[in-house]
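Residue numbers (my numbering), protein chains in the order written: chain A, 1 to 273; chain B, 1001 to 1255; chain C, 2001 to 2342.
Below is one structure, written out as structure tokens; the observations come after it.
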Amino acid sequence: MKKTIMIILVLAFALSIGVVQAAPERIVSLAPSITENLFALGVGDRVVGVTSWCDYPEEARQRTVIGDAINLNIELLLSLEPDLIVGDSTLVQSHLERLEALGLSTFIIGPSTIAEVEKSLIDLGEAVGAKERGEELALAMQTRLEELTKRAQRPERARVFLEIWNEPLMTVGPGSFMDELIVLAGGENIAGDSPTPWPVFSEELVIERDPEVVILTSFNLEEALSRSAWQVTTAMQNGDVYEVNPDLYSRTTPRLLDALAELIDILDLVATK
Amino acid sequence: MVDKIRLEGVSYSYERESVLKNINLRLQPSRFYGIVGPNGAGKSTLLKLMDAYLKPQQGIVFLNDRSLATYSLSDLAREIAMVPQHSHYFPFTVEEMVLLGRTPFYTRLGKPSEADLEIAKEVMEVTGIRHLAHRLVSDLSGGERQRATLARAFAQRTGVLLLDEPTTHLDLEYQINTCRLLKDRVEEGVTVVAVLHDLNLVASFCDHVFVLDKGNLITEGVPTKVFTPDLIEEVFHVSIARLHHPVSGRPIIVP
Amino acid sequence: MKLRKVSAIVILIVAVVLVATAVGSVHIPLMEVLGILTSKMPGLSAFVHRDWSKAREVIVLNVRLPRVLLALVVGGGLSVSGVLFQGSLRNPLADPFIIGVSAGASLGAATGLLFFIPQGLVGIGALPLFAFVGAMLATWTVSRLGKQRGRLEPTSLILAGVAVSAVLTAIVSLLMVLRIQNLQDVYIWLMGSLSGRGWQHLAVATPYVAIGVVLALWLAKDLNVYLLGEEAAHSLGIDVQRLQSLVLIIGSLVAAACVSVSGVIGFVGLMVPHALRLIVGAEHRRLILHSIWVGAVFLLVTDTLARTALSPTELPVGIITACVGGPFFIFLMKRGSGYYGR
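In structure tokens:
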């Protein structure tokens, strides 16, 4: 008799936990990095709404587009009847408050370092009922990170300029994960003394600090190579100007480590010269 | 007889420059006063002091034997009407603009009363613009606009009418008509004070003229006495000859 | 005659509101929309059978309806504000932002986003408040600078407005360049839009606009006289300085309230009063009354177009207002002011 009661109680308890912590079934993502992470967490089939920039993985493109990261079509979003909306705190905030005011559940992440990216995977995993998978991903990232950084031990740090945009000339500074990538890859960010994470930089300083590697993230290789003033830099002289896929570098997902790997390969190449 | 307007020891300066010095004068009802003088003499300023648009640094301006300072703005509006030198013209109809002259008499949420509309009709009749009542003021010719402005001032039905160069830029017909209309008002008992550039108009129509130069009241009196070649030479720096109008006996000034 | 006109206008407004509430990115049949609306009206709700999803109800009642009503309020507010500025500055080309309201609001919003909201001192819902305070401070600065010989002079005011706006806008741009914080919210807000606005925005803006309208009508008679010129107005018993200050304050308050909830939506406050003046004349009581409903309907129609024309993408409403209003203005100019009959 006691045993039966115990079993019933345990079952009821387990059930209630299950009910209270029901995983969200209809998730809307407000940023491409979040979409990637949701799919990585294995809940991609539960994602019903994405932004127009969400292009990875391929399946993500088939979900309903509810706007880009700046303009959100709230009507469409509501019509999807989401039970969780995941937003990025480094992007637009006003939408999130608005959505909460309409009674929707929101979850916000905003990692700015690689360690924070790993944590966000765990947090996001927990929020969507894929906690274990989240922890797996974070662990995998950490492991891979350690392997990669071992490879990146070189006697000297090459001077790197990572260009976000050309007009105005924007690069990355300390506090951004891209700067972290450069450092982890064994390079020295020539903008490493900037006061802000996304500084507008001076062309003069680029020339004076003479980067050995220039990384372009906006598909402007031809334009960059044609800059007459830059011809004097070591990077241009040695042909070490590289155009990379910005999605790998700018999205706070496990693919950041792909970017890291690429950077390491580039710096290895440069070191051999 | 109580003076309509009296200035005692009035001086006005603007940004440390003296514009009018120690002006003393008296104005009576039923008179047409002219104010003349070269540019910069302070004529407009004198008018603006009379309706309290400006306040004198020294001296007092009296209206009906009471200092202007004791009048409220709305009381003043029922006593003195001013036709300034420059007017702005927005798309009002002529009738609307003329009715604006009745606003000192409206209530706060006021609409024009029957009486107000009657007065408006009357003054438009008198100034010959009744047929333009529904035209937009901004569409009228210069002369027609001036008459509309005049009608508006007449509609105010005040005891004093101040005009700052009401005839400048108008053609001869309008100039003379305006002065005739003002003369009519004078006969009704109004004190009309006008700054005029045309000495002949002053000579023909004004009962009394004040001559200003560099802020001082040089002289005053009937045109016949005041407009001597010597005076005009001294004040205006031109030499003229003076003739007599064969009918009115008034002086005519020619170069 | 007047009553007939008023009824016609009211019917038009109700019709436009219904249509606007019935269209959007998500297709909801008109009958359903009417059902949802009726279900919330006391007394009538019993007659309606609820057969729509919660999501649709939220869309109609919490997304579309407040936005539609806000468009009416902001459109009417900006128009009345435009009338007041054009009147007090005696310049038919003035708009509500001319003496610094928009630049001040932008800087206020940027300040809030930079220093207060990230620190968690206030939520982002406080953004309108910052914008409002910024707008009023800027206006006050301009009015102090625009005084000549102790009088508010229209030309000086306009010049001071241009100068102060330029400086404030430069500061905002500087802040955005320095990118100390992510100011994307400021950028969006600057563009002027009614997207994502809800009942709380309506609650913020409506009292100011309503009071402003009442005060504007109360001052209409004096404004008429003021248009004649300062000396003439004085001689007709108007305290010119006091009137100017009052009108500018009221105009600024209304404009600031609108800008604080909707950002800078240009063109409405300039075009509507100006065009109406060419049609109904400069008499201010008539002008203000017409500006309210024409401005309201105009912004509602353009905003509805903005969110449906290229659905699901939303255009900034300022683009539509410019595209619609510009050619219309040219047409009016060619037609000439001419006669007008009642």
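Idealized CB from N, CA, C, for every residue including glycine.
Just so it is clear, the structure is predicted and the values come from calculations on it, not from any experiment.
Using a Cβ-Cβ cut-off of 8 Å, N2062(C) does not count as an interface residue toward chain B, since no Cβ of chain B sits closer than that to its own. Within the stretch 2074-2149 of chain C, there are no complete beta strand (DSSP E) runs of at least 3 residues.
Per DSSP, N1177(B) is one residue of the alpha helix (DSSP H) stretching across L1172 to E1187. Runs of the alpha helix (DSSP H) lying entirely within the stretch 1101-1160 of chain B, each at least 4 residues long, are 1114-1126 and 1142-1155 in chain order.
For the stretch 1082-1098 of chain B, the beta-carbon criterion of a distance under 7 Å to any beta-carbon of chain C is satisfied by M1082, P1084, H1086, S1087, H1088, F1090, P1091, F1092, T1093 and E1096.
Take the alpha-carbon of R144(A) and the one of W198(A): they are about 27 Å apart. Put simply, the CB of T1168(B) is far from chain C, with every gap to its CB atoms at 8 Å or more. Closer than 8 Å to the CB of S79(A) there is at least one CB belonging to chain C. The straight-line gap separating the alpha-carbon atoms of N2091(C) and L2037(C) is approximately 43 Å. Annotation: the continuous beta strand (DSSP E) that includes R1242(B) extends over A1241 to H1244. Rounded to the nearest angstrom, the Cβ distance from V2259(C) to S2102(C) is 6 Å, consistent with a contact under 8 Å. Annotation note: the stretch 162-221 of chain A contains the following uninterrupted beta strand (DSSP E) runs of length 3 or greater, listed N- to C-terminal: 187-189 and 213-216. Taking each of P1104(B), H1131(B) and V1098(B) in turn and checking the Cα distance to I1119(B), the smallest one comes out for V1098(B). The beta carbon of S2081(C) sits no closer than 8 Å to any beta carbon of chain A. Scanning chain C for C-beta atoms nearer than 9 Å to the C-beta of T1103(B) yields K2221, D2222, N2224, V2225, L2236, G2237 and I2238, reported in chain order.
Out of R2307(C), W2293(C), P2327(C) and I2320(C), the CA that lies nearest to the CA of I2013(C) is found in W2293(C). In this structure, the alpha-carbon of R1016(B) lies about 11 Å from that of Q1057(B). Residue pairing for Q1058(B): DSSP places it in a beta bridge opposite S1011(B). Any Cβ of chain B closer than 8 Å to the Cβ of A2232(C) would place that residue at the interface, and such an atom is present. A residue is called buried when at least 16 other Cβ atoms come within 10 angstroms of its Cβ; P57(A) does not meet this threshold and is exposed. Residues are counted here when their Cβ sits less than 7 Å from a Cβ of chain C; for the stretch 178-199 of chain A these are T196 and W198, given in chain order. By the Cβ-count criterion, K1004(B) is buried, with 16 or more other Cβ atoms from all chains shown falling within 10 Å of its own Cβ.
Counting of Cβ neighbours within 10 angstroms places M141(A) among the buried residues, the total reaching 16 or more. Looking at the backbone, the Cα of H1169(B) and that of L2078(C) are separated by about 40 Å. Setting aside the 5 residues that flank it on each side, V1226(B) is surrounded in the same chain by V1209, V1211, T1219 and E1220, each with a C-beta closer than 8 Å to its C-beta; the list follows chain order. In chain order, L2127 and F2130 place their CB closer than 6 Å to the CB of G2112(C), counting only its own chain and leaving out the 5 sequence neighbours on each side. Residue contact with chain B for L2228(C): present (Cβ-Cβ distance below 8 Å to some residue of chain B).
Taking CB atoms only, L1027(B) has no neighbour in chain C less than 8 Å away. Listed along chain B, the residues sitting closer than 7 Å to A2282(C) by beta-carbon distance are F1090, P1091 and F1092. Between L2300(C) and A2008(C) a beta carbon distance of about 17 Å is seen, past the 8 Å cut, so the two are scored as non-contacting.
DSSP places N1022(B) inside the beta strand (DSSP E), whose first and last residues are E1017 to L1027. Each residue's CA atom was taken as its position, placing L102(A) and G2196(C) some 10 Å apart. When C-alpha distances from S1204(B) are compared across T1103(B), S1074(B), N1177(B) and G1009(B), the shortest belongs to N1177(B).
Closer than 8 Å to the CB of I70(A) there is at least one CB belonging to chain C. Taking all protein chains in view, the Cβ of M1082(B) is crowded by 16 or more other Cβ atoms within 10 Å, so the residue is classified as buried. At a C-beta separation below 9 Å, L2178(C) has these neighbours in chain A: P195, T196, P199 and V200.
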